[in-house]
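>
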Amino acid sequence: MSIRGFGSDNFSGVLPEVFNALKEAAYGHQHSYGEDLYTEKAIQDFKQIFGKDIEIFFVYNGTGANIVSLSAFARSFNAVICAETAHINVDECGAIQKQAGCKLLTVPTFDGKLNTGLIQNHMHGFGEQHHSQPNIISLTQCTELGTTYTPEELKEICDFAHARGLYVHMDGARLANAVAYLNCDPLDITVKAGIDVLSFGGTKNGMMFGEAVIFFNTSVCQNVPYIRKQAMQLHSKSRFIAAQFSAILKNGLWLKTAAHANRMAQKLANEASLIPGIKITQKVEGNEIFAIIPRDKIECLQKECFFYIWDEDASEIRWVCSFDTTESDIIEFVNLLREKLL
167 MSIRGFGSDN
177 FSGVLPEVFN
187 ALKEAAYGHQ
197 HSYGEDLYTE
207 KAIQDFKQIF
217 GKDIEIFFVY
227 NGTGANIVSL
237 SAFARSFNAV
247 ICAETAHINV
257 DECGAIQKQA
267 GCKLLTVPTF
277 DGKLNTGLIQ
287 NHMHGFGEQH
297 HSQPNIISLT
307 QCTELGTTYT
317 PEELKEICDF
327 AHARGLYVHM
337 DGARLANAVA
347 YLNCDPLDIT
357 VKAGIDVLSF
367 GGTKNGMMFG
377 EAVIFFNTSV
387 CQNVPYIRKQ
397 AMQLHSKSRF
407 IAAQFSAILK
417 NGLWLKTAAH
427 ANRMAQKLAN
437 EASLIPGIKI
447 TQKVEGNEIF
457 AIIPRDKIEC
467 LQKECFFYIW
477 DEDASEIRWV
487 CSFDTTESDI
497 IEFVNLLREK
507 LL
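In structure tokens, the structure reads:
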């Protein structure tokens, strides 16, 4: 490939600060299974952002974070309400259903976002022994379609859920991009909105591996260590996840990198939208761009700069920018689009 691809922020490398943190943590001995100084520090780093009345559990990956989050609240006879496009529904190979035993109640959306009207469609069957019992709503921030919930939208959903005895989970694999886009305090779209548990993403934002599960509602946390262990998400050398988090949280690096990725996405969307034959299909509110391009041009473009097809029937594709995407990458790719499409 002559041009760096736009396939996923999982394609990106690792931040130098993360590499340095891993090198530092590599020397000497520390207690295992989270009883080390690095894990203790990372927990305190998170509490500086989200407040002291939280519980934090480090895990390997995003699927594991979602399993631990949802399993803490939901039993096998419960149901999770989510958007049809939710990662837990589309891209986790039935992990929630297998590990937690829960049913997923999906909601079709145009932009990946739930609202109380859409959720209301699943507000029935309570107390009926023949039906799975809804007990938690899962939201993705930013959504799988690159859109972002506002603090007001989140609070409305959380208030709606809590009034009916339901909990709210946030899949925050790209939470940093949402905070950067909204230019808000992270508390505004988590604690203050009423989120009960958050899957906090690291891998898509410059870490080598690792995510965090943050409980704002700590009433269920006594069982989480066992859930994490059964889900095979307990890392014996926990310090290597924790050290990375301390590195990206220091001096707001996690938001600076996300803001850069967002800017690159907006630049790519702006430039691409000027090319005849390209139609941007979703608002660009994070680091993802969705666009319809001529079907017969996709394969030749992918050979020179890889990206994924999102909806083959609609000829819709997805481009993703990362912390290490450069303006030169954007210019080269836009020039390629012009060459192939004009």
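In the working numbering, the protein residues as written are 167 to 508. Ideal Cβ placement from N, Cα and C applies to all residues, glycine included.
(1) Grab the span of the alpha helix (DSSP H) containing K395 for me, first residue to last.
(2) Would you mind giving the Cβ-Cβ distance between I323 and I303, rounded to the nearest angstrom? I have them listed as a contact below 8 Å.
(3) Candidates P460, E482 and A425: which alpha carbon is nearest R340's?
(4) Go ahead and label V184 buried or exposed: buried means 16 or more other beta carbons lie within 10 angstroms of its beta carbon, across all protein chains shown.
(5) Give a yes or no on whether the C-beta atoms belonging to G418 and C308 are separated by under 9 Å.
(6) Per DSSP, which one or two residues make a beta bridge with Q299?
(7) Quick one: is R484 buried, meaning 16 or more other Cβ sit within 10 Å of its Cβ, or exposed?
(8) Report the partner residues of A378 according to the DSSP bridge assignment.
(9) Please state if the CB of F406 and the CB of G368 are separated by a distance shorter than 9 Å.
(10) Taking all protein chains shown into account, do 16 or more other C-beta atoms lie within 10 angstroms of the C-beta of M336, making it buried, or fewer, making it exposed?
(11) Would you kindly check if the distance between the Cβ of T314 and the Cβ of N349 is under 9 Å?
(12) Quick check on Q399: buried or exposed, where buried means 16 or more other Cβ atoms within 10 Å of its Cβ?
(13) Starting from A342, trace the beta strand (DSSP E) both ways and give me its first and last residue.
(14) Keeping to the same chain, check which residues put their C-beta closer than 7 Å to that of M167; ignore five residues upstream and five downstream.
(15) Rounded to whole angstroms, what is the Cα-Cα separation between W476 and K449?
(16) Less than 9 Å between the beta carbons of G278 and I455, yes or no?
(17) If we require 4 or more residues per run, which alpha helix (DSSP H) segments fall completely within the stretch 437-475?
(18) Helix, strand or coil for M167? Go by DSSP, reduced to three states.
(19) Evaluate the contact criterion for the stretch 387-398 versus the stretch 226-235: three or more CB pairs, one atom per stretch, below 8 Å.
(20) Whose C-alpha, out of I209, L434, K506 and A408, is nearest the C-alpha of Q468?
(21) Can you tell me which residues form a DSSP beta bridge with I546?
(22) Can you tell me the Cα-Cα spacing of I496 and D490, whole angstroms?
(23) Quickly, what does DSSP pair Y510 with across the bridge? List them, please.
(24) To which residues of the same chain is M373 closer than 6 Å at the C-beta, ignoring the five residues directly before and after it?
(25) Going straight from the alpha carbon of A275 to that of V246, what length do you get?
(26) Could you give the first and the last residue of the continuous alpha helix (DSSP H) run that contains V184?
(27) Would you check if the distance between the CB atom of F216 and the CB atom of P317 is smaller than 9 Å?
(28) For A266, name the three-state secondary structure that DSSP assigns.
(29) Just tell me which of K463, K416 and A431 has its CA closest to the CA of Q214.
(30) Which residue wins for smallest C-alpha separation from N389, given the options G194, G173, Q196 and E221?
(31) What is the DSSP secondary structure of A252, counted as helix, strand or coil?
(32) Under 8 Å by Cβ, that's how I've got K445 and A457 pegged, so tell me the actual separation to the nearest angstrom.
Looking at the coordinates:
(1) V390 to Q396
(2) 7 Å
(3) Here the closest residue by C-alpha is A425.
(4) A buried status is given to V184, since no fewer than 16 other beta-carbon atoms sit within 10 Å of its beta-carbon.
(5) no
(6) DSSP lists N244 as partners of Q299.
(7) buried
(8) F224 and F366
(9) no
(10) buried
(11) no
(12) buried
(13) Counting along the chain, A342 sits inside no beta strand (DSSP E); it lies in the alpha helix (DSSP H) bounded by residues L341 to L348.
(14) Note that M167 scores a pLDDT of 45, beneath 50, so its modelled location is shaky and nothing firm can be said.
(15) If you take the alpha carbons of W476 and K449, they lie about 15 Å apart.
(16) no
(17) 461-470
(18) Confidence at M167 is low in this model, with a pLDDT of 45, below 50, so its placement is unreliable and the value that follows should be read with caution. M167 falls in the coil class under three-state DSSP.
(19) yes
(20) K506
(21) There is no way to answer for residue 546, as the model of the chain reaches only from 167 to 508.
(22) 12 Å
(23) The question about residue 510 has no answer here: the residues shown for the chain are numbered 167 through 508.
(24) V184 and Q410
(25) According to the sequence provided, residue 275 is Thr. The question's Ala does not apply to it. The alpha-carbon atoms of T275 and V246 are separated by roughly 16 Å.
(26) P182 to A191
(27) no
(28) helix
(29) Here the closest residue by C-alpha is K416.
(30) Among G194, G173, Q196 and E221, the Cα nearest to that of N389 belongs to E221.
(31) coil
(32) 6 Å
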